[in-house]
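Number of protein chains: 2
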Amino acid sequence: MSNLYLAVIGVGGVGTAFLSQLAALPAACRPTLVFLSRSSKQLYSQNYSAVSAADLQSSTSKLLSIPDLTQYLSSAPGKAIVVDNTSNQDVANAYPAFLRSGISVVTPNKKAFSGTLQLWTDIFSAVEQSNGKALVYHESSIGAGLPVISTLKDLIATGDRVTKISGVFSGTMSFLFNSFAPADGSGNAKWSQIVAQAKEAGYTEPDPRDDLNGLDVARKLTILARLAGLKVDGPESFPVQSLIPKALESAGSSDEFMKRLPEFDGEMEQYKEDAVKQGKVVRYVGNVDVPKGEVKVGLEFVEKGTPIASLRGSDNLIMFYTERYGANPLVIQGAGAGGDVTAMGVTGDLIKVVERLR
Amino acid sequence: MSNLYLAVIGVGGVGTAFLSQLAALPAACRPTLVFLSRSSKQLYSQNYSAVSAADLQSSTSKLLSIPDLTQYLSSAPGKAIVVDNTSNQDVANAYPAFLRSGISVVTPNKKAFSGTLQLWTDIFSAVEQSNGKALVYHESSIGAGLPVISTLKDLIATGDRVTKISGVFSGTMSFLFNSFAPADGSGNAKWSQIVAQAKEAGYTEPDPRDDLNGLDVARKLTILARLAGLKVDGPESFPVQSLIPKALESAGSSDEFMKRLPEFDGEMEQYKEDAVKQGKVVRYVGNVDVPKGEVKVGLEFVEKGTPIASLRGSDNLIMFYTERYGANPLVIQGAGAGGDVTAMGVTGDLIKVVERLR
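Sequences listed follow chains A and B, in order.
So the first sequence is numbered by our numbering: it starts at 22 and just counts up by one.
So the second sequence is numbered by our numbering: it starts at 22 and just counts up by one.
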């Protein structure tokens, strides 16, 4: 194969899992790793020979700025690919420049695709103008390694009309509601107890408000809506129901928030009971109604026996309603978070980019 | 893009839907259609200019044999792709020759991948030896347009270990059991009535025994097992439970079979009741146990509330259990039959082949 060169930005949970998946790829689909960085360390080779991830920690390389990195990669003796395993907005903002310089991008970073509509347009017009030379793949920006984005793109590319996208897009929200209000009626813990338990088990962000505000789900819905053709301005441009009680929005520390959360258990209990009265269960759901151009995120009462009501653990579930599929949607379900499965989406994308570029 | 040339074999339900999807593709990802055939008609242009599907019926072209077609396509002034929309074994047997001549293959035809292990090996070693020049894609050979094969390939390519594949792989079987023994206990029709109703609605093959013998499901399981790394000799090499009562295996015509089927309703009723006694429902399930190297197809009692028990209509459902996904499988669900959704899988594959070849 023609030589391909790889830069990996970010060596956290996803980045580490990705590097170990990368190392296990057959040589024929593994580009040469020439650049690796974490927050304040960089490792790269001036002459584009392979670097070893093990040497990052002890590296004393002078730090390249993003424009320097772009320059470095576009001067490589073959095509270059950036894998961005961060959730950093600055790196995301650099994608158009990477792509215009003929550098492909593979990433789970939601920021690039759920930020301003301008950034989205810049990214995809750079891809289009590259005429197949610079590609962008971002499967893991929704549902980790689940085939969500590839499926939506296939539906659209083959001429189907997507009418509605609906589902549970957060592993944390899934766990909270599957525990709080399971379909078999067995749940009897208070909402605040469930949140505390999820926090202790590491299922939430360090500050659970970063999950409960719904922004993570809103970002994913922004991406899906845009892929489905809607010009969505961003995750703040449609209704998103926050599960942070108004009075606790500025409650100070995460501990302070958790301490006061029980005061508001009655509100969530009410939702649960109202759903039960209708023979349903309450879930945190995201919806894109394509013909109406509407996106929304929040609590919904869901019929028992449906795939969403039957979810278990912290699984994600995504339903595509389309003209071809008719009344029964195409459904994808499974773990939507975790280093290994997120990295799997990244590695799978990288393989596809390599297959197309070589 | 460099020129790509397309031959389409088969213009039945899937073929017709495929041609209409093909016509709607943007010119940039649409290869030039130079050859089109149905059972006893062929249309092609000597100088590799585009032909129009509308002219097939009135074509008086001399019929090309498969070796002639291989010769014709390998002499094209650019790379060639065959789309085989038949379920013909002879065409399937020609894939290794196509691939060795640098011609890529896209197909929903199960026969190539569930036939002899030798044919499978010949196909994939031809792909490997082509070094990325000749590709084979067959998403629609299982679950129509559902992303089943691409997902399994991604799991394996990124280094996950698939431990078990389980699901409902036949739209007909799905409809029969979802109607006969729905999870809410509402079903009260006899088995033979359900089969008759499905036959009338066109949900079964003209002779329902072609569904009830389980061979179609066994073919799909053969493909999945082989993709997962098992050397399966073919659909007759593992246990497949036929739902054709022994006494009716040679009952003559389809009508004769349908007339006598009610005599055997007791047997299916017994399965249904036995399942209910265990709080379960009976379903027709296929399983691949990868570490044990076991494949089997037949009736199973399935826990209520699980995705399989909750299936509706004629949906397929495929569960991948893997090391990375742990206890909760990656699940794909939706319509697994029908011209439009099958053609969608073919068109989606064609787009990927075009992206890789150009």
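Glycine included, C-beta positions come from ideal geometry on N, C-alpha and C.
Asked	Found
Residue ranges of each beta strand (DSSP E) run of no fewer than 3 residues wholly in the stretch 110 to 143 of chain B, ordered along the chain?	125 to 127
Since I believe SER195 (chain A) is in contact with SER335 (chain A) (beta carbons under 8 Å), could you give me their beta-carbon distance rounded to a whole number of angstroms?	5 Å
Alpha carbon to alpha carbon, how far is MET22 (chain B) from ILE244 (chain B)?	Residue placement at MET22 (chain B) cannot be trusted, given a pLDDT of 46 that sits under 50; the coordinates are not used to answer.
Here's the rule I'm using: 16 or more other beta-carbon atoms within 10 Å means buried, otherwise exposed. How should ASN209 (chain A) be labelled?	exposed
To the nearest angstrom, how far is the alpha carbon of TYR116 (chain B) from that of SER125 (chain B)?	9 Å
I need the straight-line Cα distance from ASN234 (chain B) to PRO129 (chain B), nearest angstrom please.	21 Å
Ignore the nearest five residues each way along the sequence and tell me which others in LEU173 (chain A)'s own chain have a CB closer than 8 Å to its CB.	VAL183, ILE186, LEU245, LEU248, ALA249 and PHE341
Give the residues from the stretch 175 to 206 of chain A that approach chain B closer than 8 Å (Cβ to any Cβ), ordered along the chain.	ASP175, LEU176, ALA178, THR179, GLY180, ASP181, ALA204 and ASP205
Considering THR363 (chain A), what are the terminal residues of the alpha helix (DSSP H) in which it resides?	360 to 378
For a quick check, are the C-beta atoms of VAL367 (chain A) and PRO52 (chain A) less than 8 Å apart?	no
ASN349 (chain B) versus chain A: which residues are under 7 Å apart at the beta carbon?	ARG333, GLY334, ASP336, GLY355 and ALA356
Could you tell me whether the Cβ of GLU376 (chain A) comes closer than 8 Å to any Cβ of chain B?	yes
Taking the beta carbon of GLN110 (chain A) as the centre, do at least 16 other beta carbons fall within 10 Å, making it buried, or is it exposed?	exposed
ASP361 (chain A) touches chain B at which residues, Cβ-Cβ below 7 Å?	ARG345
What does the Cβ neighbour count give for ASN68 (chain B), buried or exposed, with the cut at 16 atoms within 10 Å?	exposed
Do you know how far the Cα of ILE102 (chain B) is from the Cα of LEU25 (chain B)?	7 Å
Which term fits PRO260 (chain B), buried or exposed, when burial requires 16 or more other beta carbons within 10 angstroms of its beta carbon?	exposed
Excluding the 5 residues flanking LEU120 (chain A) on each side, which residues of the same chain have their C-beta closer than 7 Å to its C-beta?	VAL126, ILE144, ALA147, VAL148, SER151, ALA155 and VAL157
Within a Cβ cutoff of 7 Å, which residues of the same chain sit near LYS325 (chain A), ignoring the five residues on either side of it in sequence?	ALA204, GLY300, LYS301 and VAL302
By the three-class DSSP mapping on this structure, what secondary structure does LEU251 (chain B) have?	coil
On the three-state DSSP scale, how would you describe GLU304 (chain B)?	This sequence places Arg at residue 304 (chain B); Glu is not what is there. In the structure shown, ARG304 (chain B) sits in a strand (DSSP, three-state: E or B).
With a Cβ-Cβ cutoff of 8 Å, do GLY357 (chain A) and ALA202 (chain A) count as a contact?	no
So, with DSSP's three-state summary, where would you put MET22 (chain A)?	Model confidence at MET22 (chain A) stands at a pLDDT of 46, short of 50, so the residue's coordinates are unreliable; what they give is reported in the following sentence. If DSSP states are grouped into helix, strand and coil, MET22 (chain A) belongs with coil.
Consult DSSP for ASN152 (chain B) and reduce its assignment to one of helix, strand or coil.	coil
How far does the alpha helix (DSSP H) with THR184 (chain A) in it reach, from first residue to last?	Taken as a continuous stretch (DSSP letters only), THR184 (chain A) belongs to no alpha helix (DSSP H), being part of the beta strand (DSSP E) at 183 to 189.
What three-state label does DSSP hand ARG345 (chain B) in the structure shown?	coil
Is the Cβ of ALA45 (chain B) closer than 8 Å to any Cβ of chain A?	yes
Identify which residue in B:LEU378, B:ASP370, B:LEU242 and B:ARG379 has its Cα closest to the Cα of THR179 (chain A).	B:ASP370
How should VAL35 (chain A) be labelled, buried or exposed, when 16 other C-beta atoms within 10 angstroms of its C-beta is the threshold for buried?	buried
What are the residues in the stretch 29 to 63 of chain B lying within 7 Å of chain A by C-beta distance?	GLN42 and ALA45
For GLN451 (chain B), is the classification buried or exposed, using 16 other Cβ atoms within 10 angstroms of its Cβ as the cut-off for buried?	Coverage of chain B is limited to positions 22 through 379, which leaves residue 451 (chain B) absent and any answer about it impossible.
Would you check if the distance between the CB atom of GLY314 (chain B) and the CB atom of LEU251 (chain B) is smaller than 8 Å?	yes
I need the straight-line Cα distance from SER162 (chain A) to LYS241 (chain A), nearest angstrom please.	7 Å
Could you name the residues of the same chain whose beta carbon sits closer than 7 Å to that of ASN199 (chain A), not counting the 5 residues immediately before and after it, in chain order?	LEU332, ARG333 and GLY334
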